[in-house]
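Input: a single structure, listed below in structure tokens.
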Amino acid sequence: MRRFYLEREHDVSGVSGLGRVAEGVLFSDGRVSMRWMSKRSGIVIHKSLEDVVAIHGHGGASELVFVDAEGSSATFLEEV
Numbered sequence: 002m003r004r005f006y007l008e009r010e011h012d013v014s015g016v017s018g019l020g021r022v023a024e025g026v027l028f029s030d031g032r033v034s035m036r037w038m039s040k041r042s043g044i045v046i047h048k049s050l051e052d053v054v055a056i057h058g059h060g061g062a063s064e065l066v067f068v069d070a071e072g073s074s075a076t077f078l079e080e081v
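So for the sequence shown, my numbering puts the first residue at 2; every next one is plus one.
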């Protein structure tokens with residue numbers, strides 16, 4: 002399991018805003034859960050990281066940044 006966030010320098014849609022707009026988790030089976038951090042927040046599940054980039058990447062206007070190193074087993078309880 003790896004945590005990530007979606008960083009935007011350009012808000013193509015005019016909805017998400019700029020900076021860190023979403024945070025998510027890549028699960029060991031390749032599925033992704035992502036939570037939007039804007040006023041119109043929501044949680045979405047995607048089949049793959051590739052789907053996240055294809056749908057929300059806006060042709061390179063968004064950067065997906067991993068918080069955890071590949072192969073790490075992040076424990077969310079450490080942050081609570």
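Cβ atoms here follow ideal geometry from the backbone N, Cα and C, with glycine treated the same way.
(message) Do residue 36 and residue 25 count as a contact pair if the criterion is CB distance below 8 Å?
(response) Yes, the pair counts as a contact, with Cβ atoms nearer than the cut-off.
(message) One question on the structure: do residue 7 and residue 63 come within less than 8 Å of each other, judged by their Cβ atoms?
(response) Contact: yes.
(request) Within the same chain, show all residues whose beta-carbon is closer than 8 Å to that of residue 23, passing over the 5 residues directly before and after it, in chain order. (result) Its chain contains 6, 7, 17, 35, 36, 37, 38 and 57 as the residues whose beta carbon lies nearer than 8 Å to that of residue 23, once the 5 sequence neighbours on both sides are disregarded; these appear in chain order.
(message) DSSP three-state label for residue 43, please.
(response) Of the three classes helix, strand and coil, the one that applies to residue 43 here is coil, per DSSP.
(request) Output the boundary residues of the beta strand (DSSP E) element that contains residue 23. (result) Its beta strand (DSSP E) spans residues 20 to 27.
(request) Drop a sphere of 10 angstroms on the beta-carbon of residue 68, count the other beta-carbons inside from all chains shown, and report buried for 16 or more, exposed for fewer. (result) Residue 68 counts as exposed, since fewer than 16 other C-beta atoms from the protein chains shown sit within 10 angstroms of its C-beta.
(request) Classify residue 21 as buried or exposed, calling it buried when 16 or more other Cβ atoms lie within 10 Å of its own Cβ. (result) It is exposed - the Cβ of residue 21 has fewer than 16 other Cβ atoms within 10 Å.
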